[in-house]
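Okay, so here's the structure we're looking at.
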Amino acid sequence: MQDFKKSVVYQIYPKSFLDTNGDGLGDLQGVISKLDYLQTLGVDYIWLTPFFVSPQNDNGYDVADYRAIDPRYGTMADFEDLVEEAGRRNIRVMLDMVFNHTSTYHQWFQKALEGDSVYQDYYIFRPGKADGSAPTNWESKFGGSAWEYVPSLGKYYLHLFDKTQADLNWENPAVRREVADIVRFWMVKGVKGFRFDVVNLISKGEYADDFQGDGRRFYTDGPRIHEFLKELNRESFGQDSEIITVGEMSSTSMENCFQYAGEQSGELSMVFSFHHLKVDFMGNEKWVIVPTDFGKLKDILFSWQEGMAAHSAWNAVFWCNHDQPRVVSRFGDEGEYWQQSAKMLASIVHGMRGTPYVYQGEELGMTNAGFTRLDQYRDVESLNHFRILRDKGLSEESVYNILKIHSRDNSRTPMQWDATPNGGFTTGEPWLSVNPNTARINAAAQTGDPDSIFSYYQALIRLRKEYDVFALGDFAPLTPEHPSVLAYRRRWNGETLLCVNNFFRKECTWTCPESLEGFRVLLSNYPDSDPAQVWNLRPYESVLLLKQN
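Under this note's numbering, residues 6 to 554 are what the sequence shown spells out, in order.
Structure (structure tokens):
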């Protein structure tokens, strides 16, 4: 069995994790100082979002030098210490590689701007249309055109994200060689995992106007994507069987993911897909306020669980990351049932087939920020959409209400270590405001409390290692049409696991479709859960039941 199936990955957003030098920005030494905390939680890998040299227009996802540590985070010696100290605690390091685009400050792009044709071919430069307008009508994912004009060259370059993030031309073999060389550089440093940012966008198809949408159908899961990933595997991380990889798949299809993360496909270990996190969108539009479609959420989760299993492909399972709002605010309850709902949401993910990912603070039940002023926001996407939504005629109050729910800054507020005003994150002025509820929600209050959300995550991580059914079991939905309950069954080699969850704050009745004889409560978010064939589930009640033959 591959080790990653029993593993749990903890995502760290270094900028917001812990600041050790008082400059208001988290750093690598901060990560090192909290390795004991992570070991106590029980995680196997830490995934660090980019800390490479960057102008920080997209919080490090605009890389200017893939082989250098940005001084604001520390030094290469700090990184090497981190790998060594983590290894002593049986924790491995996973890096976040952004290979769809580079910063426009990267030396490759700067040489392209100087007229070097070799480096212009590293990127996607195109002449405009006859009338001088952009080559296509594609839209940037951050709003506006996906093309930026360079007067000195008389051409446009493609940027699917911010205009300072120029898309790389993966059709150029030299680009692919550079990328593989960068991966090998970090392998030599002892890195044992790689997460590839929006990697299914690297193969572009036809450069044509999209009269049906925003252009994504021309560059999502493109024509050579599987070829490119197989080559990258062969030329770099595939040379070390201990390395695990995960691809962030933007607007992908399940059929493509059978190949991306197929056991025998020679591409990646697993994939992130995001369809289940669009159930409170309107179509693909997230900058709206609509209720969560619970039926759709179940259908997506269940179909991916069953479909990937049927094709021997592996999921990364998760609710949270640096691009998503806090899940307890999104699908749970910030008030009376905060603790129960946070635990329930954890059970759903950790009981599933796939490798669970925990985002920093999720294990404490951290909530959305609730910012009420534009100057509190830092995220380029949020700032752009504030303007876009105001231009569409929405009131300031309406736009703030949308940002409070959907802004990426909700997940980026500093980690809440203790009850002090800055949450123990920094002695200086934090780069982004600390959530005031750090007085109530913090690590110091939870790590010694056996009833805490932290302790519940500890238990879930321990169970995955203790019982093979978590990692290896099949997957079958239970009562998928129930309006309030998300439940499923896993089976493996004489072990049967039932995961039963009331997703809402209202009590409900649930009838278990199979006999509960021989089952015992493995874990529950209420101290006195009493499973029955016809069961009255309390608000957000969540129970894991196990039977061993």
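Backbone N, C-alpha and C define an ideal beta-carbon position, used for all residues, glycine too.
Query: Which residues bound the beta strand (DSSP E) around F201?; Result: 198–201
Query: Is it the case that the Cβ atoms of I129 and L43 are separated by a distance below 9 Å?; Result: no
Query: Anyone know if the C-beta pair for Y18 and T54 falls short of 9 Å?; Result: yes
Query: According to DSSP, which residues form a beta bridge with L502?; Result: R495, L551
Query: Between which residues of its own chain and G271 is the CB-CB distance below 6 Å, once the five residues before and five after are set aside?; Result: K235, N238
Query: How far does the beta strand (DSSP E) with G252 in it extend, from its first residue to its last?; Result: 249–253
Query: Just grab the DSSP bridge partners of S150 for me.; Result: E144
Query: With a CB to CB cut of under 6 Å and the five nearest residues on each side skipped, what residues in its chain are close to I248?; Result: K197, F242
Query: For the putative contact between V203 and S255, defined by C-beta atoms under 8 Å, what is the C-beta separation to the nearest angstrom?; Result: 5 Å
Query: Less than 8 Å between the CB atoms is what I'm expecting for F57 and D70, so what's the real figure, rounded?; Result: 6 Å
Query: Using only alpha-carbon positions, find the residue among Y472, G499, V539, S520 that is nearest to K11.; Result: Y472
Query: Can you tell me whether DSSP reads K160 as helix, strand or coil?; Result: strand
Query: For the alpha helix (DSSP H) holding Y475, just list the boundary residues, first then last.; Result: Sequence check: residue 475 is Phe here, not Tyr. Its alpha helix (DSSP H) spans residues 473–477.
Query: Which residues does DSSP list as the beta-bridge partners of P482?; Result: Y493
Query: Measuring only the C-alpha atoms, how far is V548 from D454?; Result: 20 Å
Query: Distance, Cα to Cα, W582 vs T80?; Result: Outside the shown range of the chain (6 to 554) lies residue 582, about which nothing can therefore be said.
Query: Please list, in chain order, all residues of the same chain as D172 whose beta carbon is under 7 Å from its beta carbon, the five residues on each side excluded.; Result: N105, H106, Y128, I129, L163, H164, L165
Query: Return the Cβ separation of E512 and L483 in integer angstroms, given the expectation that the two are a contact with Cβ distance under 8 Å.; Result: The pair is not a contact, with the Cβ atoms about 19 Å apart (cut-off 8 Å).
Query: Comparing C-alpha positions only, which one of G288, G359, D304, S334 sits nearest to F323?; Result: G359
Query: Which whole-angstrom value is the C-beta distance of V68 and K194, which I expect to be below 8 Å?; Result: At roughly 16 Å, the Cβ-Cβ gap does not stay under 8 Å, so V68 and K194 are not in contact.
Query: Using a Cβ-Cβ cut-off of 7 Å (strictly less than) and excluding sequence neighbours within five positions of T418, which residues of its own chain qualify?; Result: S21, A374, L437, S438, V439, N440
Query: Identify whether M6 lies in helix, strand or coil by the three-state DSSP scheme.; Result: A caution first: M6 carries a pLDDT of 38, below 50, which makes its placement in the model too unreliable to give a value.
Query: Return the CA-CA distance between D214 and V103, expressed in angstroms with no decimal places.; Result: 26 Å
Query: DSSP state of C513, grouped into three classes?; Result: strand
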